[in-house]
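Since the structure comes first, as structure tokens, the remarks are kept for the end.
Protein chains: 2
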Amino acid sequence: MKIGELAKIANVSTSRIRFYEKHGLIPPPSRQVNGYREYSEATISRLSTITMSKALGFSLSEIKRILPDDPRDTIQRSELISNLEKKLVDIDQRIDDLQEIRKKVKLMTTYLKDPNSGPC
Amino acid sequence: MKIGELAKIANVSTSRIRFYEKHGLIPPPSRQVNGYREYSEATISRLSTITMSKALGFSLSEIKRILPDDPRDTIQRSELISNLEKKLVDIDQRIDDLQEIRKKVKLMTTYLKDPNSGPC
DNA sequence: ATAAACCTTCGACAATGGTTGAAGGTCAAG
DNA sequence: CTTGACCTTCAACCATTGTCGAAGGTTTAT
């Protein structure tokens, strides 16, 4: 399977695939005699895993850290769970931060609407 | 007041101050005969306003949009309120998004811990 | 045989928010 | 007078997540 086919099936651009390869998110594929990249079916699921993980809010570097280097590896489930739990804590922190900010913006808005009632 | 002094007082780097000026977040100061930037006290509060706004989660381009070009301008309060209210909506959206992601990550974690109980 | 469609590499561009360095000018003190 | 500390500009670089185009090779179809 050449890169163009893979791109269509996985619904990503060819440049993106090369980019992911360059940055170690997908393993370098074998090459045909002419130098073209030769992909197996496995890469499709690899790519969709990456796409889904991105949709879950993971950055590419997180995805790289979480997924095993070689897609043929069996994922260390315990490690994956621990990674996800760290991510949960991280998400909770981000939500808390946003709620703090929300409060402050709200306060400013309220104050601006009626300065007399304000805390300043 | 030269840029170095201002930097110390406002607790930002001189390069940052020049960066903000270049990107229109602070007005270009007058110059001394030798070409050095000459700042007034007003710039200190301008800088701390920017710093606080950043802490409130505003990006520099948002801050630029929200703050009047000339710090001597009276802020259009109604406009500021409207900007802040847009920001509130935006923050709420981001919180919702994070909570969606949180749910999904949680689901994955739960599933991994006990695949039999899972939805897949 | 030739055109279209594909592949290769590499480098530049985008936005965001700056930092760092080079090359040079200025100022105050010893 | 010279040293160090400050200032100037401009350019390049960092990370992030890619996209786009150039220049060239390959494959497929007509």
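From first to last, the protein sequence lines stand for chains A and B. Numbering that gives the first Met the number 0 applies: residue 0 is where the first sequence begins, and numbers increase by one. Numbering that gives the first Met the number 0 applies: residue 0 is where the second sequence begins, and numbers increase by one. We put the CB at the ideal spot given by N, CA and C, even for glycine.
Report the option in the options whose CA atom is closest to the CA atom of residue i.
| i | options | result |
| --- | --- | --- |
| B/Q75 | A/E78, A/S77, A/K112, A/A54 | A/K112 |
| A/S81 | A/L106, A/I94, A/E61, A/Y110 | A/E61 |
| A/K53 | B/S39, B/L97, B/R17, B/T109 | B/L97 |
| A/I43 | A/F57, A/T13, A/L83 | A/T13 |
| A/R93 | A/E20, A/F57, A/S39 | A/F57 |
| B/L83 | A/T109, A/K21, A/V88, A/E99 | A/T109 |
| A/L55 | B/V104, B/I49, B/I8, B/L79 | B/V104 |
| A/E20 | A/K7, A/I49, A/E4, A/I8 | A/I49 |
| B/L59 | B/A6, B/G23, B/S39 | B/G23 |
| B/K102 | A/E99, A/V88, A/A6, A/K102 | A/V88 |
| A/I100 | B/R30, B/E99, B/M51 | B/M51 |
| B/K63 | B/V11, B/D95, B/F18 | B/F18 |
Since residue i and residue j should fall inside the 8 Å C-beta cutoff, what is the C-beta to C-beta distance between them, to a whole number of angstroms?
| i | j | result |
| --- | --- | --- |
| A/I90 | A/R36 | That pair is no contact at about 35 Å. |
| A/L46 | A/I25 | 7 Å |
| A/M0 | A/S39 | 7 Å |
Are the C-beta of residue i and some C-beta of chain B separated by less than 7 Å?
| i | result |
| --- | --- |
| A/I80 | yes |
| A/I100 | yes |
| A/R15 | no |
| A/P70 | The predicted position of A/P70 is uncertain, since its pLDDT is 48 and thus under 50; no value can be drawn from it. |
At 7 Å on the CB atoms, spell out the chain A contacts of residue i, in chain order.
| i | result |
| --- | --- |
| B/K105 | L87 |
| B/K112 | I80 |
| B/R76 | L111 |
Taking residue i as the query, report the chain B residues whose CB atoms sit under 8 Å from its CB, ordered along the chain.
| i | result |
| --- | --- |
| A/L97 | G56, I90, R93, I94, L97 |
| A/K63 | Within chain B, no residue comes near A/K63; the closest Cβ sits about 17 Å away, beyond 8 Å. |
For chain A, check one thing: does any of its Cβ atoms lie closer than 7 Å to the Cβ of residue i?
| i | result |
| --- | --- |
| B/R45 | no |
| B/L66 | no |
| B/S12 | no |
Just to make sure I have the definition right: I need the residues of chain A whose C-beta is within less than 8 Å of the C-beta of residue i. Which are they?
| i | result |
| --- | --- |
| B/T108 | I80, L83, E84, L87 |
Could you check if residue i is buried or exposed, using at least 16 other CB atoms within 10 Å of its CB as the buried criterion?
| i | result |
| --- | --- |
| A/K86 | buried |
| B/A41 | exposed |
| B/M107 | buried |
| B/V32 | exposed |
| B/P114 | exposed |
| A/P123 | Not covered by the structure: residue 123 of chain A. The range shown for chain A is 0 to 119. |
Does any heavy atom of the ligand FAD sit closer than 6 Å to the C-beta of residue i?
| i | result |
| --- | --- |
| B/L5 | As far as ligands go, the structure on display features none, and thus does not contain the ligand FAD. |
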